[in-house]
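Structure, as structure tokens:
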Amino acid sequence: MANTPAYVVALDVGGTSMKGGLVGENGAVLLAERRPTPRADGPEAVVTAIRDFIGHLAETGDGPPAGVGLAVPGLVSEDTAIYATNLGWRDVPAKDFTDLDVPVILGHDVRTGGLAESVLGAGRGAADFLFLPIGTGIAGAMIVNGAPYEGDAGWSGEIGHIPVFPDGEQCACGQYGCLETYASAASVGRRYGLRAGLEGARAEQVVISDDPIAIEVWDEAVEALSLALATYTLLLDPAMIVLGGGLSQAGPALFDPVRTRLTNRLTFRKAPPLLPAALGVDAGMLGAALLGWRAAGRPELGPGWDTDVRAAPLVS
15 MANTPAYVVA
25 LDVGGTSMKG
35 GLVGENGAVL
45 LAERRPTPRA
55 DGPEAVVTAI
65 RDFIGHLAET
75 GDGPPAGVGL
85 AVPGLVSEDT
95 AIYATNLGWR
105 DVPAKDFTDL
115 DVPVILGHDV
125 RTGGLAESVL
135 GAGRGAADFL
145 FLPIGTGIAG
155 AMIVNGAPYE
165 GDAGWSGEIG
175 HIPVFPDGEQ
185 CACGQYGCLE
195 TYASAASVGR
205 RYGLRAGLEG
215 ARAEQVVISD
225 DPIAIEVWDE
235 AVEALSLALA
245 TYTLLLDPAM
255 IVLGGGLSQA
265 GPALFDPVRT
275 RLTNRLTFRK
285 APPLLPAALG
295 VDAGMLGAAL
305 LGWRAAGRPE
315 LGPGWDTDVR
325 AAPLVS
């Protein structure tokens with residue numbers, strides 16, 4: 015990759031896979047790769063895998079990177095992965111994730127994706143909006159005054175654990191009736207499978223099915239989501255709500271009924287626009303690139319970038 019512009023290493027770490035890339039000053043994704051996350055091998059194995067992945071990406075570039083941006087799950091500050099249940103981490107410093115002598119910034123995975131949607135995606139130009147990826151679980155990024163809001167201890171955005179049905183099913187978190195228990199992709203598949211007597215049922219089966227059980231489960235998911243979004247809207251008055259994650263791929267089957275119910279619930283005010291995320295699975299990696307450039311002392315980069323990353327070379 016000779017004669018390439020300066021670049022950063024950007025890495026988005028999920029419970030199943032990691033997506034990394036090299037991103038230039040102009041936003042060009044010079045290289046993108048995916049690797050599995052070896053979660054089953056323990057916390058240290060994941061840290062080692064991240065360190066190896068970052069090192070490999072940097073070796074592919076022309077000279078050392080200007081910085082590293084790393085999006086990870088759990089409670090996180092810019093310099094420490096404080097706590098991540100799914101990965102078994104406690105107080106892992108940023109420097110443990112790379113052998114490179116370059117600045118590193120860590121970011122919460124969902125808030126990092128929200129940052130990317132704010133600067134580059136569906137939320138571009140909106141100072142206040144909610145980015146809500148709906149996948150295996152549900153967590154949100156609250157964009158307030160143009161930046162992801164972390165809260166006092168870094169726990170902001172846990173909209174998936176708003177109790178929408180207080181007398182409902184128990185959530186894995188210990189509470190009852192949480193949004194995530196009804197409307198996450200994993201929960202939609204699980205609840206349909208239990209009622210229909212099907213093992214390994216998936217949310218996709220529910221969305222496209224005329225089965226009365228599937229219709230009932232989907233209706234409950236839509237109801238739960240509209241309740242949570244109405245609460246959020248009345249509290250924070252967002253300019254828009256951006257839905258992402260795997261379940262957002264349901265398209266009109268999700269957006270149309272949620273939009274209608276949200277409008278009907280907000281009797282005395284207009285509902286905010288409900289939009290699909292623009293960056294898809296690339297949001298976390300592009301957000302990590304923004305963090306990498308901030309680590310390198312270039313926070314002004316990003317707003318003018320072309321976000322069509324699909325042309326980037328990808329090694330699966």
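Per this note's numbering, residue 15 is the first one in the sequence shown, and the count goes up by one each step.
Ideal Cβ positions, reconstructed from N, Cα and C, are used throughout, including at glycine.
On a predicted model such as this, the values are computed, not experimentally measured, just so you know.
Residue of the options minimising C-alpha distance to residue i
{"i": "PRO317", "options": "ARG138, ILE227 and GLY258", "result": "ARG138"}
{"i": "TYR21", "options": "TRP169, LEU36 and SER31", "result": "LEU36"}
{"i": "GLY191", "options": "ALA197, PHE179 and GLY128", "result": "PHE179"}
{"i": "GLY56", "options": "SER31, GLU92, LEU101 and GLY88", "result": "LEU101"}
{"i": "ILE64", "options": "ALA42, GLY128, THR112 and ILE173", "result": "THR112"}
{"i": "PHE67", "options": "ASP110, ALA197, ILE96 and GLY41", "result": "ASP110"}
Where the alpha helix (DSSP H) containing residue i begins and where it ends
{"i": "ASP181", "result": "Run containing ASP181: none; DSSP gives neither H nor E here."}
{"i": "ILE148", "result": "That residue, ILE148, is in no alpha helix (DSSP H); it is neither H nor E in DSSP."}
Residue burial classification, residue i (beta-carbon count within 10 angstroms, cutoff 16)
{"i": "THR51", "result": "buried"}
{"i": "GLU314", "result": "exposed"}
{"i": "ALA16", "result": "Here ALA16 scores only 47 on pLDDT, less than 50, and its place in the model is too uncertain to base an answer on."}
{"i": "SER330", "result": "Since pLDDT at SER330 reaches only 37, below the 50 mark, its modelled position is unreliable, and no value is offered."}
{"i": "ASP233", "result": "exposed"}
{"i": "THR126", "result": "buried"}
{"i": "SER262", "result": "buried"}
{"i": "GLY265", "result": "exposed"}
{"i": "ILE157", "result": "buried"}
Backbone secondary structure at residue i - three-state DSSP
{"i": "GLY95", "result": "Checking the sequence shown, residue 95 turns out to be Ala, not Gly. Residue state, collapsed to three classes: strand."}
{"i": "LEU328", "result": "Interpretation of LEU328 is limited by its pLDDT of 43, a score under 50 that renders its predicted location unreliable; the figure taken from the coordinates is listed afterwards. Looking at LEU328 - three-state DSSP - the assignment turns out to be strand."}
{"i": "LYS109", "result": "helix"}
{"i": "MET15", "result": "Residue confidence for MET15 is low, a pLDDT of 46 falling below 50, so the modelled location carries little weight and cannot support an answer."}
{"i": "GLU237", "result": "helix"}
{"i": "ALA46", "result": "strand"}
{"i": "ASP350", "result": "Only positions 15 to 330 of the chain appear in the structure, and residue 350 is not among them; the question remains open."}
{"i": "ARG138", "result": "coil"}
{"i": "GLY121", "result": "strand"}
{"i": "VAL133", "result": "helix"}
Beta-carbon spacing of residue i, residue j below 9 Å
{"i": "GLY306", "j": "PRO147", "result": "no"}
{"i": "ALA242", "j": "VAL116", "result": "no"}
{"i": "ASP26", "j": "GLY301", "result": "yes"}
Where the beta strand (DSSP E) containing residue i begins and where it ends
{"i": "LEU257", "result": "254 to 258"}
{"i": "ILE68", "result": "Premise fails: ILE68 lies in the alpha helix (DSSP H), 57 to 74, not in any beta strand (DSSP E)."}
{"i": "GLY34", "result": "31 to 38"}
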